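**Q**
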Amino acid sequence: MRSLVLVVALAGVLGLGGAGWSAVVVASGSMRPAIRPGDVVLTAPAHRLRVGSVVTYRKPGRPMLHRVVGVDAHGRLITRGDANAVADAAPVPREAVTGVARWRVPYAGLPVLWMTGIGHPLVAALCLACWVRSRRSGRRPS
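Numbered according to numbering that gives the first Met the number 0, the sequence shown spans residues 0 to 141.
1) Reducing DSSP to helix, strand and coil, say where residue 41 ends up.
2) In this structure, how does DSSP classify residue 63 when only helix, strand and coil are distinguished?
3) Tell whether a beta-carbon distance below 7 Å holds between residue 154 and residue 86.
4) Just the C-alpha distance for residue 28 and residue 63, rounded to the nearest angstrom, thanks.
5) Looking only at C-alpha atoms, which of 18, 105, 36 sits nearest to residue 113?
6) Would you mind sorting residue 46 into buried or exposed? The rule is 16 or more other CB atoms within 10 Å of its CB.
7) Output yes or no for whether 7 Å exceeds the beta carbon distance between residue 79 and residue 43.
8) Look at the alpha carbon of residue 90 and the alpha carbon of residue 75, and state the distance between them as a whole number of angstroms.
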């Protein structure tokens, strides 16, 4: 049964990817409370952009996930993180948008954050401790 679930999940992910969908692991708290660090956000191609949409776009050096709060006179998007008091400094050209958020999977990206961020040594130490403990428990006399 577990194998069937994995196959169905994998087929779904591959199908979504083939349709232009992608997954984004949220690394900051700028979209709290709606979207939290460690959540995975599934994004669809950005065919329609409107005020209120949560969009992904590339900012020099990193991807961004913020809400559209307005449109300037040149048609560029004004974005802001829900937890931020002010809008982002630079308007986003529509062609820089890589997707529109459709679904959020809470906490699914935490292992990625742990392994790529400051938590990496902590996760490694925890894994080592669990391995050592499991080896010791297997050596008990019967």
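Idealized CB from N, CA, C, for every residue including glycine.
If you're wondering where the values come from, they're calculated on a predicted model, not measured in any experiment.
**A** On the basis of the data shown:
1) strand
2) strand
3) It is not possible to answer for residue 154, since the shown part of the chain is limited to 0 through 141.
4) When rounded, the distance between both Cα atoms is 12 Å.
5) 36
6) exposed
7) Not a contact, by the Cβ cut-off of 7 Å.
8) 6 Å
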